[in-house]
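Protein chains in written order, with the working numbering: chain A, 1 to 114; chain B, 1 to 117.
The C-beta atom is built at its ideal place from N, Cα and C for all residues, glycine as well.
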Amino acid sequence: EAQVTQNPRYLITVTGKKLTVTCSQNMNHEYMSWYRQDPGLGLRQIYYSMNVEVTDKGDVPEGYKVSRKEKRNFPLILESPSPNQTSLYFCASSPTSSRADTQYFGPGTRLTVL
Amino acid sequence: AQKITQTQPGMFVQEKEAVTLDCTYDTSDPSYGLFWYKQPSSGEMIFLIYQGSYDQQNATEGRYSLNFQKARKSANLVISASQLGDSAMYFCAMREADNNAGNMLTFGGGTRLMVKP
């Protein structure tokens, strides 16, 4: 089944404890991205990747890191999480960055930073 | 300025009736894509329908259709024969061809649809 998977689905952690949210897609998509969703602020892009080893900042990259060593994986790293990073996180992928390409979303990761 | 505006924070519809969810957008790019996603209470984002800026006909996917009025910059989602399972948040989104931001999706604030039995 074609899909985007994320792990973990739920995470409660404490301020400053490094964490990684994994994202994997099995559709051979070139483009991958991370979004966060917050009440009243909607979905905002954190980072994106056009292809392997090509990543760039989105609208809200502060406090996050990403890497794209393989085409299928695009992990999101929080080196020192803070409470303002409590949010619902989505990974998404599309065949390319074309405006005609649909982005398919993972199931989401609900992160709480205490 | 907001790129995607959804003016209806919440809507009710009677089961089996049709409902229209409004979306207006703002872009100077002649080439763009418009998307609708559904987010049920479980949280996942489900792709529903796509309309390209150069498409001559309105997109349709099963019970979903898109009323695309390019001159008015509107892309309203029409759901026919509403079902209880249609109760969810609905997001309109746009992907521009060259927005110098990795062609990311820009989302509207969403409309919460509630289907009454």
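Below-8 Å beta-carbon distance, residue i vs any chain A residue
{"i": "Glu96 of chain B", "result": "yes"}
{"i": "Tyr64 of chain B", "result": "no"}
{"i": "Leu113 of chain B", "result": "no"}
{"i": "Tyr32 of chain B", "result": "yes"}
{"i": "Glu44 of chain B", "result": "yes"}
{"i": "Leu105 of chain B", "result": "yes"}
Strand pairing of residue i, partner residues [DSSP]
{"i": "Ser93 of chain A", "result": "A:Met32, A:Tyr104"}
{"i": "Lys65 of chain A", "result": "A:Ile77"}
{"i": "Arg112 of chain B", "result": "B:Gly10, B:Met89"}
{"i": "Val19 of chain B", "result": "B:Ile79"}
With 16 other Cβ atoms within 10 Å as the buried cut-off, status of residue i
{"i": "Ile46 of chain A", "result": "buried"}
{"i": "Asn103 of chain B", "result": "buried"}
{"i": "Ala18 of chain B", "result": "exposed"}
{"i": "Tyr32 of chain B", "result": "buried"}
{"i": "Pro83 of chain A", "result": "exposed"}
{"i": "Met94 of chain B", "result": "buried"}
{"i": "Pro81 of chain A", "result": "buried"}
Proximity test, Cβ basis, 8 Å: residue i and chain B
{"i": "Tyr10 of chain A", "result": "no"}
{"i": "Arg36 of chain A", "result": "no"}
{"i": "Gln45 of chain A", "result": "yes"}
Residue i in three-state terms, based on DSSP
{"i": "Gln51 of chain B", "result": "strand"}
request  = Pair every Cβ in the region 34–51 of chain B with every Cβ in the region 95–110 of chain A, then say whether three or more of these pairs are closer than 8 Å.
outcome  = Output reads yes: the region 95–110 of chain A touches the region 34–51 of chain B.
inquiry  = Tell me whether the region 104–113 of chain A and the region 48–68 of chain A touch, counting them as touching only if at least three CB pairs, one residue from each stretch, are closer than 8 Å.
reply    = No, the region 104–113 of chain A does not touch the region 48–68 of chain A.
key: Segment contact, 8 Å Cβ cut-off, at least three pairs: the region 33–40 of chain B with the region 81–96 of chain B   = In short, these stretches touch, since the Cβ pair count reaches three.
request  = Would you check if there are 3 or more beta carbon pairs closer than 8 Å linking the region 26–43 of chain A to the region 64–82 of chain A?
outcome  = With a cut-off of 8 Å, the region 64–82 of chain A and the region 26–43 of chain A count as touching, because enough Cβ pairs lie within range.
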